[in-house]
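Protein chains in written order, with my numbering: chain A, 4 to 297; chain B, 4 to 297. To start, the structure under review is shown below, and the notes come after it.
2 protein chains.
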Amino acid sequence: MVEDQKFYLGVDGGGTGCRACLCDADGVPLSFAKAGSANIMSSLDVARDSILQCCSEAVEQIGLPAEKLSQIPVYMGLAGAEYEALNTKLKQRLPFENIIVETDARISLEGAVGSGDGAAAIIGTGSIYQYRYNGVEKTTGGWGFMVGDLSGGAWLGRELLQETLLVYDGIHAGSPLTQAVLDQFGNNPQKIVEFAQGASPASFGTFAPMVFDFADKGDSFGVRLVHKAVANIEETLDRILPDATSPFCMIGGLGAIYAQRLGDDYKKHLIAAKGDALSGAVSLAIQSFNGRIL
Amino acid sequence: MVEDQKFYLGVDGGGTGCRACLCDADGVPLSFAKAGSANIMSSLDVARDSILQCCSEAVEQIGLPAEKLSQIPVYMGLAGAEYEALNTKLKQRLPFENIIVETDARISLEGAVGSGDGAAAIIGTGSIYQYRYNGVEKTTGGWGFMVGDLSGGAWLGRELLQETLLVYDGIHAGSPLTQAVLDQFGNNPQKIVEFAQGASPASFGTFAPMVFDFADKGDSFGVRLVHKAVANIEETLDRILPDATSPFCMIGGLGAIYAQRLGDDYKKHLIAAKGDALSGAVSLAIQSFNGRIL
Chain A
4 MVEDQKFYLG VDGGGTGCRA CLCDADGVPL SFAKAGSANI MSSLDVARDS
54 ILQCCSEAVE QIGLPAEKLS QIPVYMGLAG AEYEALNTKL KQRLPFENII
104 VETDARISLE GAVGSGDGAA AIIGTGSIYQ YRYNGVEKTT GGWGFMVGDL
154 SGGAWLGREL LQETLLVYDG IHAGSPLTQA VLDQFGNNPQ KIVEFAQGAS
204 PASFGTFAPM VFDFADKGDS FGVRLVHKAV ANIEETLDRI LPDATSPFCM
254 IGGLGAIYAQ RLGDDYKKHL IAAKGDALSG AVSLAIQSFN GRIL
Chain B
4 MVEDQKFYLG VDGGGTGCRA CLCDADGVPL SFAKAGSANI MSSLDVARDS
54 ILQCCSEAVE QIGLPAEKLS QIPVYMGLAG AEYEALNTKL KQRLPFENII
104 VETDARISLE GAVGSGDGAA AIIGTGSIYQ YRYNGVEKTT GGWGFMVGDL
154 SGGAWLGREL LQETLLVYDG IHAGSPLTQA VLDQFGNNPQ KIVEFAQGAS
204 PASFGTFAPM VFDFADKGDS FGVRLVHKAV ANIEETLDRI LPDATSPFCM
254 IGGLGAIYAQ RLGDDYKKHL IAAKGDALSG AVSLAIQSFN GRIL
């Protein structure tokens with residue numbers, strides 16, 4: 004019976020891991036599976052393997068033969084998919100007959116606001132804003148923490164480590180937060196430098212929870228840094244929202260944490276996300292391959 | 004005749020290149036030689052080869068037999084020498100019987116102010132402050148541009164690229180400077196991100212001259228960035244100088260450029276450097292191995 008049905012796959016892939024959802028023609032989820040990293044910027048082969056692994060597993064779970072996999076249309080949202088060359092290469096290395104590879108921001112927006120207009124500030128290790136007005140979808144930010152991703156976890160961590168070294172040098176007055184960081188590195192600034200040289204954005208991002216915890220306790224630097232981060236977000240919202248009362252979602256690992264800390268004018272227009280990025284990928288799979296809006 | 008004399012080597016080594024000066028017992032230079040990178044953080048073997056090459060060449064230039072090299076006492080100042088493990092390894096891999104490896108900041112201060120008290124702001128690709136008061140020498144900064152090196156060329160470049168992307172996204176108003184950067188990357192922000200991902204501090208630093216040029220022409224962002232950079236330097240000088248009228252030097256690739264842009268209160272106490280880092284290495288070689296202060 005199951006073999007006569009139509010199936011669709013939605014995939015949400017990022018640096019940390021990759022998830023697939025197999026659904027029916029109505030977008031009803033039939034199975035879920037997880038695999039490792041699918042960051043095409045880091046390694047195309049690792050990403051391909053992760054994607055294949057979780058898609059295969061989702062297909063197996065409902066008892067479909069493995070050779071059916073390539074015939075199932077798949078819509079995936081991946082970090083780095085905006086880089087055309089990588090995007091094209093990935094599609095060539097995957098066996099799917101029908102495949103669409105879009106950014107993770109795109110499936111996140113779809114999951115959060117559905118197929119209508121709306122905006123999502125997606126703030127985790129990085130930061131990116133995805134929004135759709137009058138049916139036109141756009142992206143702001145998401146350039147990576149080296150030259151962008153303001154207010155993301157990696158950015159917060161780097162700002163904190165920089166401040167800690169300024170405190171160590173006696174240029175700035177310290178706070179319990181910078182002292183806690185110094186303690187963590189055995190009061191040895193060289194250890195901070197060594198960490199920073201080899202650190203991935205995710206490693207820098209591990210300091211983000213400390214920043215919020217200390218800020219909530221009134222730590223002078225923590226408060227200042229969170230204030231600066233919130234100001235960046237508000238400045239971007241001012242720019243991307245069509246007017247000051249437009250609703251928006253705050254999603255990503257730090258989305259909810261920042262949401263509580265926005266100014267009241269912003270909080271008033273904050274709405275809850277309808278679903279997550281994977282549900283967005285599923286919706287887009289149905290829309291794209293079955294011509295239906297869920 | 005030359006074989007009866009005593010000789011000393013001073014070496015100044017950094018990421019860009021390495022220089023050696025052979026001198027007599029009075030510190031009078033007899034020969035100079037150059038070689039490639041001596042950044043021990045990047046590659047200990049490359050650094051060792053560069054150091055050996057320029058030292059050997061300096062020795063050859065005055066007609067000394069190559070086997071004499073290892074008997075000549077050598078004082079070197081190297082970027083990264085504050086990392087004890089690297090410092091020790093380097094010394095083990097060099098043939099010198101008498102060798103001292105100190106930081107490039109240390110020989111720079113010696114060159115700039117001699118053996119007495121004084122301070123030097125050393126600002127090139129990175130930024131570091133070296134100073135000596137009551138005979139006690141200290142260092143501030145120099146932690147690398149990822150978490151430090153404020154106002155250095157790499158920091159300036161990264162700030163400029165970040166601003167350019169904020170302008171591209173319409174978050175900030177542009178200026179001729181950010182437009183020039185966008186033009187340079189074919190108005191393609193992904194090219195900026197790709198550049199930033201693989202860029203060395205020196206590569207980021209290539210944007211520093213643009214920042215100063217545009218700032219001098221009144222470019223709104225250029226002026227703001229240089230102002231921020233100068234404020235960082237003045238803040239650090241306030242901290243390291245024993246009082247507001249203490250003299251100091253501004254050295255390094257951007258030292259003179261910043262010197263002109265400091266506030267008048269600082270400019271009044273700015274003094275010219277006596278010599279460069281290599282002359283400092285030579286002085287320290289004579290002091291350390293011949294017990295004489297030049």
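Think of the CB as a built atom: it goes at the ideal place given N, C-alpha and C, for glycine as much as any other residue.
Worksheet item: Skipping 5 residues on each side, what residues in its chain have a beta carbon closer than 7 angstroms to that of K343/A?
Response: Nothing can be reported for residue 343/A: it is not among the residues displayed for chain A, which extend from 4 to 297.
Item to complete: Out of P98/B, A108/B, Q64/B and Q95/B, state which residue places its alpha-carbon closest to the alpha-carbon of E85/B.
Response: The residue with the shortest Cα to Cα distance from E85/B is A108/B.
Item to complete: To the nearest angstrom, report how far apart I296/B and I289/B are at their CA atoms.
Response: Each residue's Cα considered, the two are about 7 angstroms apart.
Discussion item. Assuming S178/B is part of the alpha helix (DSSP H), what are its boundary residues?
Written reply: Secondary structure note for S178/B: it is in no alpha helix (DSSP H), with a DSSP letter that is neither H nor E.
Worksheet item: What three-state label does DSSP hand V150/B in the structure shown?
Response: Coil at V150/B, not helix or strand.
Item to complete: Can you have a look at M4/A and say buried or exposed, based on whether 16 or more other CB atoms are within 10 angstroms of its CB?
Response: Below a pLDDT of 50, predicted positions are generally treated as unreliable, and M4/A, at 45, falls in that range; no measurement from the model is reported.
Worksheet item: Are any of the Cβ atoms in chain B nearer than 8 angstroms to that of W158/A?
Response: So no, W158/A is outside the interface.
Worksheet entry | Secondary structure, alpha helix (DSSP H): runs of 4+ residues fully inside the segment 58 to 130 of chain B | For secondary structure counted as the alpha helix (DSSP H) over 4 or more consecutive residues, the segment 58 to 130 of chain B holds these complete runs in sequence order: 87 to 96 and 107 to 116.
Worksheet entry | Continuous alpha helix (DSSP H) stretch holding T239/B: start and end | T239/B -> alpha helix (DSSP H) spans S223 to I243.
Worksheet item: Hey, which unbroken runs of the beta strand (DSSP E) at 3 residues or more fall wholly within the segment 251 to 285 of chain A?
Response: Those beta strand (DSSP E) runs which fall completely within the segment 251 to 285 of chain A and span 3+ residues are 252 to 254.
Discussion item. Check whether the segment 192 to 200 of chain A and the segment 244 to 251 of chain A touch, using three or more Cβ-Cβ pairs below 8 angstroms as the test.
Written reply: Touching, no, given that fewer than three Cβ pairs across the two stretches are closer than 8 angstroms.
Worksheet item: In whole angstroms, what separates the C-alpha of A205/B from that of L287/A?
Response: Each residue's CA atom was taken as its position, placing A205/B and L287/A some 44 angstroms apart.
Item to complete: Go ahead and pull the three-state DSSP assignment for M4/A.
Response: With a pLDDT of 45 at M4/A, under the threshold of 50, the predicted position of this residue should be treated as unreliable, and no value is reported.
Item to complete: With DSSP as the reference, please indicate the residues paired to D15/A in a beta bridge.
Response: Answer is R22/A and G80/A.
Item to complete: Please report how far the alpha carbon of F292/A lies from the alpha carbon of M79/A, in whole angstroms.
Response: Each residue's Cα considered, the two are about 12 angstroms apart.
Fill in: Top-ranked residue by Cα proximity to G155/B, from L33/B, V229/B and F99/B
The shortest Cα separation from G155/B among L33/B, V229/B and F99/B belongs to V229/B.
Fill in: For G16/B, the nearest candidate out of V196/B, K9/B, M44/B and K271/B (CA to CA)
Minimum Cα distance to G16/B is reached at M44/B.
Practice prompt. Pull out every residue of the segment 194 to 205 of chain A whose Cβ sits closer than 7 angstroms to any Cβ of chain B, in chain order.
Written response: Answer set for the segment 194 to 205 of chain A: I195, V196, A199 and Q200.
Worksheet item: Between A50/A and L12/A, what straight-line distance do the alpha-carbon atoms span, to the nearest angstrom?
Response: In this model, A50/A and L12/A are separated by some 16 angstroms (Cα to Cα).
Item to complete: Could you spell out where the beta strand (DSSP E) holding S34/B opens and where it closes?
Response: Here the beta strand (DSSP E) through S34/B covers P32 to A38.
Worksheet item: Counting contacts by CB-CB distance shorter than 8 angstroms, is L93/A in contact with chain B?
Response: Judged by the 8 angstroms Cβ criterion, L93/A is not in contact with chain B.
Item to complete: For F10/B, name the three-state secondary structure that DSSP assigns.
Response: Here F10/B sits in strand by DSSP.
Worksheet item: Can you list, in chain order, the residues of the segment 158 to 181 of chain B whose Cβ is nearer than 7 angstroms to any Cβ on chain A?
Response: Listed by position, the residues of the segment 158 to 181 of chain B near chain A (Cβ gap below 7 angstroms) are R161, L164, Q165, L168, D172, G173 and I174.
Fill in: alpha helix (DSSP H) segment containing K141/B, residue limits
Element bounds for K141/B: not the alpha helix (DSSP H) but the beta strand (DSSP E), V139 to G144.
Worksheet item: Which whole-angstrom value describes the C-beta separation of G151/B and Q165/A, a residue pair presumed to lie in contact below a C-beta threshold of 8 angstroms?
Response: The beta carbons of G151/B and Q165/A sit about 6 angstroms from each other, so the pair counts as a contact at 8 angstroms.
Worksheet item: Over what stretch of residues does the alpha helix (DSSP H) that includes T167/B continue unbroken?
Response: For T167/B, the enclosing alpha helix (DSSP H) has its first and last residue at G156 to Y171.
Practice prompt. Alpha carbon to alpha carbon, how far is D172/A from K141/B? Give it in angstroms, no decimals.
Written response: If I take the Cα positions, the gap works out to 10 angstroms.
Discussion item. Does the CB of Y86/B have a neighbour CB from chain A at under 8 angstroms?
Written reply: Yes, Y86/B counts as interfacial toward chain A.
Worksheet item: So what's R51/B in DSSP terms, helix, strand or just coil?
Response: Looking at R51/B - three-state DSSP - the assignment turns out to be helix.
Worksheet item: Out of L168/A, I260/A, I126/A and Q182/A, which has the shortest C-alpha to C-alpha gap to W158/A?
Response: It is I126/A whose Cα lies nearest to the Cα of W158/A.
Item to complete: Answer yes if the segment 23 to 38 of chain B comes into contact with the segment 52 to 64 of chain B, meaning at least three C-beta pairs across the two stretches below 8 angstroms, and no otherwise.
Response: Flag = yes, the segment 52 to 64 of chain B and the segment 23 to 38 of chain B touch.
Discussion item. With the cut-off set at 8 angstroms, would you say V233/B and L265/B are in Cβ contact?
Written reply: In this structure, L265/B lies closer than 8 angstroms to V233/B by Cβ.
Item to complete: Work out the CA separation of F188/B and A123/B for me, nearest whole Å.
Response: Cα atoms of A123/B and F188/B: separation of roughly 36 angstroms, rounded to the nearest angstrom.
Worksheet item: Exposed or buried, what is G283/B when buried is set at 16 or more other beta-carbons lying within 10 Å of its beta-carbon?
Response: Around the CB of G283/B, 16 or more other CB atoms lie within 10 Å, so the residue is classed as buried.
Item to complete: Report the residue from Q263/A, P212/A and R135/A whose alpha carbon sits nearest the alpha carbon of L112/A.
Response: For the residues Q263/A, P212/A and R135/A, the minimum Cα distance to L112/A belongs to R135/A.
Worksheet entry | Nearest-angstrom Cβ-Cβ length linking I110/B and A280/B, presumed shorter than 8 angstroms | Contact holds; Cβ gap of about 5 angstroms.
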